[in-house]
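Undergrad: The structure is given below, and queries will be raised subsequently.
Residue numbers (the numbering used here), protein chains in the order written: chain A, 1 to 410; chain B, 1001 to 1311; chain C, 2001 to 2252.
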């Protein structure tokens, strides 16, 4: 309304393009920042930590002593090539490819370093990731994220990219690139419990979502229909959401424990003060607010003209709800499921603290033993799960929103 | 006086404003009209350097505008935009005081100015000064927007579709108020609009733009009688040309001495309104209301018809 | 009426908490029901009030630093100079929020050791995200007509920022600070597993010795702290938000 349509966003256009401006146009500031992180890291920050056994203090090892000379040189070359493409304003696809190349190279390098540093046949020595590795990974991840943010792939493409990334990581793990790495040693020595806690983690996060959805959706519809209840219910759920998870666990443990101890038969049913029960209940309670609130706002957001028209066509209230209002509220409800899933995957980690299991078991064990690799063994899959859930749910929400818009404009 | 000399604005090599030259005399109202994308807003925004020109020169009162820092230049030029752009977190008082405060006027002088402007725009100081923009009606918001632009007593006022957000009745009132205020304060107004009626109602001169080029810059009458090309002719509306011409002048220009039957017409009517009245009442002539003791005067249908065909 | 009932409940709850902090022994008989006869009922290792204050101090320090960093960053990426970083920063915020706070906390330990240090860093990192997200949204959704009017009035760039953009963004920024502070209360609680001095210590001690009374009193105090912070920032937010209840534009 104010700006002419053809006007570019930059408010202060320079009238003449000097040589300084030319440099500015060719050089990407983010690329410079990434280079300023990556180059010093490569040269001055330890890449891995070497320990003679699991308990002793580690020795920092820099890239050039951690890798065979040819590999170090390759890594160096790749890093420089990636940084050049980052600094000069190369095309987005070039930058994305470069970032992926950088990430894969660093990931392979850490595996190589582990096998290079571990003496033949020595099963006590441990090689762990050090700050340098993480910083390089971080720098290239930034580049990749930036390229993706500019590229804005469509929802299905995003899911495919995610799957491709996971497949690549799986392949690298399969061919044993990281077998000598301490993290993998921690894993293989407790593979059984890893998968058991993993399933437990998922069961907690997804199970509580299902239960919360089963209660939350009708509650949301009720709040939409009965306006007097709306503020009261949302207020209560808001208060629950405000209470920190561990405190809510605590508030549930005491009564549940009391019931288990004093009500005959309760403990046989699996009700115990400490364990998965309070964690599960707490996750359900937390999940209610996003589900109820978004169901209400999704339903409220339905154009009154549409539901009036449906009424005029002779639909009953139930039919209007099922055929018109709920489908139109679907994007909002999907958004709620995304929020809850990501939130639950994170919070389920804390369940381990009250004996509820999940990946948090490794995190808290790791904290107890000051074993970073054990912490990573719990934290990395949690982060990966949460990220995958976020990417997939975002894509689904976008697809649903788009489908709704297409229906609306057809 | 604003001198615009061969001014151009290029975006990615494409001219949005293409070598436009015009001279706007002081104390007049000029309207720039054109379809959207014609470059009219870009042209106006170059005057207060919200956009910097690619080439050419603009002088205000003989001074090249690029000789002043953009924000200092803008403090000397009033600026009104469509949808008023009032600061929603500030009261009416604070909104109007914006530029005087930027210019570091003293408190008493600012308050005096705000009072004066609110009075000018028929807004009660005591009930309006402390209100927030969302507590005002659309017409009041618009008036506060103009008052804010006039607070530092600029001799140039730029207006970008200033009445675009108003409904027709309030818009007509706002337009006549603006005309009165301009006559009273005597500033130069440069106004962008796509509404031809608005341009004819308000301006001393009209600039017609299309595709970045200035097609014609002339008085409204010339635009009607001698359009520079078919685009201008279409823009000013061929079907309504005669009526537009009549609406430019008052009835006293063609009044004659003599009597006529029926109700008298107010003396400040436009010729178009008089024609409409005569056609509606089925008269050939109507008396014009005169102060007591003056000789009777009348307006006739034949004179109106002649005026409509005058070129 | 509903609001009055809510305030009354909160006031009574607050009084109860205060009484518990000053005279915990009054509550001993009730808590006694939860534990075996020979177990301690009231957590006495650290004074409860001083743990609460340390918890609060940690949250306030982290939130202040996070707010300063996040608001500056949001201002930076919304200026022409920082626009290269805008797409990335938005992605980082949405990805960062999928990281579980526990993981961030645990991963700080190898670098910073045990104690308040890693907790503070995790709180700041995690607290940055909602503030940055809200500040960015607020700064990017200001009515363009208002910004145009500010430029047209002759405000310089810093003047526009200080007099128009930041005041208008403030309600949303404060709501980000509220979110951040509430998350920080929770993360700080978990921080006691890495030896930070917070109320989480009471809960963790209870969990380690199966002392339900400890767990309950810790849980109630942490919940009270979170609600206190939530409510006071909500009030602040309302105060800032009052002026711009309605849309600013004359047309729909």
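Where is the CB? At the ideal position from N, CA and C, for every residue including glycine. Quantities reported herein were computed from a predicted structural model and do not represent experimental measurements.
1) Looking at the C-beta of residue 1010(B), does it have a partner C-beta in chain C at a distance below 9 angstroms?
2) The alpha helix (DSSP H) that contains residue 2064(C), what's its start and end?
3) Using the Cα positions of residue 1287(B) and residue 1299(B), report the straight-line distance between them to the nearest angstrom.
4) Could you give the residue range of the beta strand (DSSP E) that holds residue 1159(B)?
5) Tell me which same chain residues have a C-beta within less than 7 angstroms of the C-beta of residue 1179(B), skipping the five on either side of it?
6) Around the C-beta of residue 1226(B), are 16 or more other C-beta atoms found within 10 angstroms, so that it is buried, or is it exposed?
7) In three-state DSSP terms, what is residue 1128(B)?
8) If you measure from the beta carbon of residue 335(A) to each beta carbon in chain C, is any gap under 9 angstroms?
9) Between which two residues does the beta strand (DSSP E) containing residue 286(A) stretch?
10) Taking a contact to mean a Cβ-Cβ separation below 9 angstroms, would you say residue 2182(C) touches residue 244(A) in this structure?
11) Considering only DSSP beta bridges, list what residue 1179(B) is partnered with.
12) Note down the Cα distance separating residue 1159(B) from residue 1308(B), rounded to an integer number of angstroms.
13) Among the candidates 2071(C), 2240(C) and 2229(C), whose CA atom is the shortest distance from the CA of residue 2053(C)?
14) How many whole angstroms separate the CB atoms of residue 2135(C) and residue 2082(C), which I take to be in contact at a CB cut-off of 8 angstroms?
15) Taking its Cβ as the centre, do 16 or more other Cβ atoms sit within 10 Å of residue 1143(B), making it buried, or is it exposed?
16) For the stretch 229-262 of chain A, enumerate the residues whose C-beta is nearer than 8 angstroms to any C-beta of chain C, in chain order.
17) Using 9 angstroms as the limit for Cβ to Cβ distance, is residue 1188(B) near chain C?
18) To be precise: take each residue of the stretch 2162-2185 of chain C, compare its Cβ to all Cβ atoms of chain B, and keep it if any distance is under 9 angstroms. Which residues remain?
19) Could you tell me whether the stretch 1076-1086 of chain B touches the stretch 2138-2147 of chain C, where touching means 3 or more Cβ pairs closer than 8 angstroms?
20) What does residue 400(A) touch in chain C if you count any residue whose Cβ is under 7 angstroms from its own?
21) Return the chain-ordered list of same chain residues with a C-beta closer than 8 angstroms to the C-beta of residue 1304(B), the five sequence neighbours on each side being excluded.
22) Could you run through the stretch 1090-1118 of chain B and flag, in chain order, every residue whose CB is less than 7 angstroms away from some CB of chain C?
23) What's the gap between the Cα of residue 403(A) and the Cα of residue 305(A)?
24) Taking the C-alpha atoms as reference points, what is the distance between residue 149(A) and residue 2095(C)?
25) Could you please give the first and the last residue of the uninterrupted alpha helix (DSSP H) stretch that includes residue 1014(B)?
26) Kindly indicate the opening and closing residues of the beta strand (DSSP E) around residue 59(A).
27) Can you pull the chain A neighbours of residue 2043(C), defined as C-beta to C-beta under 9 angstroms?
28) Measuring alpha carbon to alpha carbon, tell me which residue in 2227(C), 2131(C) and 2241(C) is nearest residue 2056(C).
29) In whole angstroms, what separates the C-alpha of residue 2232(C) from that of residue 2029(C)?
30) For residue 356(A) and residue 2203(C), what's the separation of their Cα atoms in angstroms?
31) Could you tell me if residue 124(A) is buried or exposed, where buried requires 16 or more neighbouring beta carbons within 10 angstroms of its beta carbon?
32) Can you list, in chain order, the residues of its chain whose CB lies under 7 angstroms from that of residue 335(A), leaving out five sequence neighbours each side?
33) Just to make sure I have the definition right: I need the residues of chain C whose C-beta is within less than 8 angstroms of the C-beta of residue 142(A). Which are they?
34) Compare the C-beta of residue 2049(C) with all C-beta atoms of chain A and state if any pair is closer than 9 angstroms.
35) Classify residue 6(A) as buried or exposed, calling it buried when 16 or more other Cβ atoms lie within 10 Å of its own Cβ.
36) Closest Cβ-Cβ distance between residue 1082(B) and chain C: below 9 angstroms?
TA: Walking through what the data contain:
1) no
2) 2048-2078
3) 6 angstroms
4) 1156-1160
5) 1202
6) exposed
7) helix
8) no
9) Note, residue 286(A): premise wrong, no beta strand (DSSP E); alpha helix (DSSP H) at 276-300.
10) yes
11) For residue 1179(B), which the question treats as bridged, DSSP gives no partner whatsoever.
12) 31 angstroms
13) 2229(C)
14) Contact doesn't hold; Cβ gap of about 13 angstroms is too wide.
15) buried
16) 231, 232, 235, 239, 242, 243, 244, 245, 246, 247, 248, 249, 250, 251, 253, 254, 257 and 258
17) no
18) 2163, 2164, 2167, 2168 and 2170
19) yes
20) In chain order: nothing, as chain C lies at least about 19 angstroms away.
21) 1246, 1254, 1271, 1274, 1275 and 1278
22) 1098, 1099 and 1102
23) 20 angstroms
24) 12 angstroms
25) From DSSP, residue 1014(B) is part of no alpha helix (DSSP H) but of the beta strand (DSSP E) over 1014-1024.
26) 59-61
27) Result: empty, since nearest Cβ-Cβ is about 12 angstroms, beyond 9 angstroms.
28) 2227(C)
29) 32 angstroms
30) 15 angstroms
31) exposed
32) 294 and 397
33) 2088 and 2092
34) no
35) Only weak support is given to the placement of residue 6(A): the predicted model assigns it a pLDDT of 38, under 50, and the value that follows is read from those uncertain coordinates. Result: exposed.
36) yes
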